[in-house]
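Going by this note's numbering, the first residue of the sequence shown is number 1, and it counts up by one from there.
Quick reminder that beta carbons are idealized off the backbone N, C-alpha and C, glycines included.
Values in this document were obtained by computation on a predicted structure and should not be read as measured data.
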Amino acid sequence: MGRRSGVLEFAVLGLLHDAPMHGYELRKRLNVLLGSFRAFSYGTLYPCLKSLVAQGFLVEDNPEAEYVPATALNGKRSKIVYRLSAEGKQRFEELLADSGPDAWEDEHFGVHFAFFGQTDRAVRMRVLEGRRSRLEERLERMRNSLARARERFDDYTVELQRHGLESVEREVRWLNELIETERANRSGRPGQSADATGPATPKTSDGRGQEDGSVDPPGPPHDRPGRSSQER
C-alpha cells in the first residue's frame, strides 16, 4: 500500500472510530483533519472506502433506501453510511500503536498527531522523538546545501532555501516543547500536567497562555496572522 493510501486509510478508520458517517461528511472531516493542501476528492476517497469494505474493516449501511439513486440527470447519490466493524477497530488500534519510521515521515506524522488523544503515551513519545531525529538529520543536509547555494545561486534561490531551513528549525523547537511536556505529564494524557487538579491552560506554539478556549491547530507552528515579526 502506498504512503498516500496508507495515510487515507488511517484517517478514515480514525474518524469512523468516533462515529459512523456517510461519504460526503467523511470527506469534509478528512479535509479538515489533513488540511486543504492535501484535500481528497471523491475519486480518491470512494475507492479507499470500497477497499476497506472489501477487507472487512468497514460495514455499509443505507438508512435511506427510498433515496433516489444517482443518474446522469439528477446527480444524486445514495447516502451510504460507513461504520467500523470489529476488525476495523482492531486495525485502527494497530495503526495507532505504530511508532516506526513511517510514523515520523511528513505524510504520516500529521495524521498520527491528530489522533494522539487516543494514543498511548509511550507511543506518542517514540513518534515525537523519531520525528525530531528525522528533522535533525534533514536540518544537517539543508545547512550544508545552503552553504553551497550561497556560492552557486542567486539571492532569491538562497532566500528560498533559507526559508525552508527556518521552517524545519521551528518544527524542531515545537517538537522539543511537546517532548518536554510529555515527559512532565505523568498522567499519560495530553494537555494535563503531572500535578494538575483541573484542565491545563491551553498553550500557543510559542508557550504563551491563551484565553477563550482558543488553541493552535495540530501541526508545526507556521506563521499565523496576528503574530509580530519578532514572534516569528
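Exercise. Below 7 Å CB to CB, which residues in the same chain sit around residue 48 once its five sequence neighbours on both sides are set aside?
Key: Non-local C-beta neighbours of residue 48 in its own chain, meaning closer than 7 Å and more than five positions away in sequence, comprise 5, 8, 9 and 12, ordered along the chain.
So, for residue 157: in the same chain, excluding its five sequence neighbours on each side, which residues have a beta-carbon less than 7 Å away from its beta-carbon? So the list reads 149, once near-sequence residues are dropped.
Next item on the list: Over the uninterrupted beta strand (DSSP E) stretch that includes residue 105, give me the two end residues.
Entry: Looking at the DSSP string, residue 105 is not in any beta strand (DSSP E), and its letter there is neither H nor E.
Complete runs of the alpha helix (DSSP H) confined to the region 127-190 [at least 4 residues]: Every alpha helix (DSSP H) of 4 residues or more that sits fully in the region 127-190 is shown, in chain order, as 155-184.
Query - Distance CB(residue 178)-CB(residue 128) smaller than 8 Å - result: In this structure, residue 178 sits near residue 128, with a CB-CB distance shorter than 8 Å.
_Does residue 71 pass the burial test, meaning 16 or more other C-beta atoms within 10 Å, or should it be called exposed?_
Only weak support is given to the placement of residue 71: the predicted model assigns it a pLDDT of 44, under 50, and the question is left unresolved by the model.
Could you have a look at residue 61 and say whether DSSP puts it in helix, strand or coil? Correct three-state label for residue 61: strand.
ask   = Is the CB-CB distance between residue 46 and residue 14 below 8 Å?
value = In terms of Cβ geometry, residue 46 and residue 14 do not form a close pair [threshold 8 Å].
Residue 168 and residue 146 closer than 8 Å at C-beta = Result no, Cβ atoms of residue 168 and residue 146 do not sit closer than 8 Å.
Subject >> Nearest-angstrom beta carbon gap, residue 34 and residue 82 [assumed within contact, 8 Å] >> reply: Their Cβ separation, rounded to whole angstroms, is 17 Å, which puts residue 82 and residue 34 out of contact at 8 Å.
Tell me which same chain residues have a C-beta within less than 6 Å of the C-beta of residue 59, skipping the five on either side of it? Within its own chain, the residues whose Cβ lies closer than 6 Å to the Cβ of residue 59, once the five positions on either side in sequence are excluded, are 83 and 85, listed in chain order.
### Query
Are residue 124 and residue 104 touching if we call contact CB-CB under 8 Å?
Taking 8 Å as the Cβ cut-off, residue 124 and residue 104 do not qualify as a contacting pair.
- Given a threshold of 16 other Cβ atoms within 10 Å of its Cβ, counted over all protein chains shown, does residue 16 qualify as buried or as exposed? Counting Cβ neighbours within 10 Å, residue 16 comes out buried, since at least 16 surround it.
Ordered along the chain, which non-local residues of its own chain (more than five positions away) have a Cβ less than 7 Å from that of residue 96?
The residues are 115, 118 and 119.
Throw me the rounded Cβ distance for the residue 99 and residue 121 pair, which I believe falls under 8 Å. Not quite, the Cβ-Cβ distance comes to about 11 Å (not below 8 Å), so this is no contact.
**Request:** Just the C-alpha distance for residue 155 and residue 164, rounded to the nearest angstrom, thanks.
**Result:** For residue 155 and residue 164, the distance between alpha carbons rounds to 14 Å.
* **residue 56 beta carbon less than 8 Å from that of residue 87** => Closer than 8 Å, so yes.
- Message: Given this structure, state the Cα-to-Cα distance separating residue 151 from residue 32, to the nearest angstrom.
- Response: Taken atom to atom, the span from the alpha-carbon of residue 151 to that of residue 32 is near 42 Å.
Q. Which residue or residues does DSSP assign as beta-bridge partners of residue 22?
A. As a beta-bridge residue in DSSP terms, residue 22 pairs with 81.
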